[in-house]
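In the UniProt record's numbering, the protein residues as written are 1 to 179. In what follows, a single structure is set out as structure tokens and then discussed.
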Amino acid sequence: MTFETVIDQPVIAADRFDLRPLRASDAGLIAHNAGDERVARATANIPHPYPPGAAEALIARAQAADRAEDIWAIDGNRAGGSEVMGLIGLTRVDEGQSEIAYWVAPAWWNTGIASAAVEAILAANPHAARTVFASVFQDNAASARVLTNCGFQYLGDAESYCVARGANVPTWTYSRRMG
């Protein structure tokens, strides 16, 4: 008998999908989608090639009781989509402040999924954050548009290390005041 870890993280319903906590059965789709070099190069933390066991380790971190980050699967199953169209997460960075990060599988690019997921998370505001921050690589204009379309304001330029690229990459940093 197998038992699934249950964590204190809400399911957030949106029109075309649900944002739900990760479960062990997501490992295959996470590995498949995160293993796409285009996805990895657009994120700071996804390595390429994606190593065996990385999806299972991500799920274990997401289910840990002492986690600093909540991660949701963008699950389109009820609307005929994939169970893992991407992931979206919120990390607690300070009192009343969280940082949002997300990726969407290439099959769902240019469909509005990323914008809808960001809007759903912001509307639910599960961390009760007063401010939400985000950063995107400067060569990812589509992700920057997601943020600005969701009410984020540009703060400035910086750089972040990208594991898949093995290099520091220029970023744009954004914030959004909540409520």
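Glycine included, each C-beta is placed from N, C-alpha and C at the ideal position.
{"Check": "Once the 5 residues before and after Thr173 are set aside, which same chain residues still bring their CB inside 8 angstroms of it?", "Outcome": "Phe133, Ala134, Ser135, Tyr154, Leu155, Gly156, Asp157 and Ala158"}
{"Check": "What does the Cβ neighbour count give for Glu99, buried or exposed, with the cut at 16 atoms within 10 Å?", "Outcome": "buried"}
{"Check": "Relative to the C-alpha of Ile7, which candidate in Arg67, Gly80 and Val104 has its C-alpha closest?", "Outcome": "Arg67"}
{"Check": "Just curious, the alpha helix (DSSP H) that Arg38 is in, first and last residue?", "Outcome": "Glu37 to Arg41"}
{"Check": "Taking all protein chains shown into account, decide if Val11 is buried (16 or more other Cβ within 10 angstroms of its Cβ) or exposed.", "Outcome": "exposed"}
{"Check": "What residue ranges within the region 26-94 form continuous beta strand (DSSP E) runs of no fewer than 3 residues, ordered along the chain?", "Outcome": "69-75 and 86-94"}
{"Check": "Out of curiosity, what's the CA-to-CA distance linking Ser160 and Pro21?", "Outcome": "27 angstroms"}
{"Check": "For Val118 versus Val146, is the C-beta spacing smaller than 7 angstroms?", "Outcome": "yes"}
{"Check": "Out of Ala54, Val163, Gln9 and Met85, which has the shortest C-alpha to C-alpha gap to Ala105?", "Outcome": "Met85"}
{"Check": "Can you tell me which of Ala129, Ala73, Arg130 and Ala114 puts its alpha carbon nearest to the alpha carbon of Ala141?", "Outcome": "Ala114"}
{"Check": "Could you say which of Asn125, Val163, Phe152 and Cys162 lies nearest to Leu19 if we only look at CA atoms?", "Outcome": "Asn125"}
{"Check": "Tell me which same chain residues have a C-beta within less than 6 angstroms of the C-beta of Thr131, skipping the five on either side of it?", "Outcome": "Gln97, Ser175 and Arg177"}
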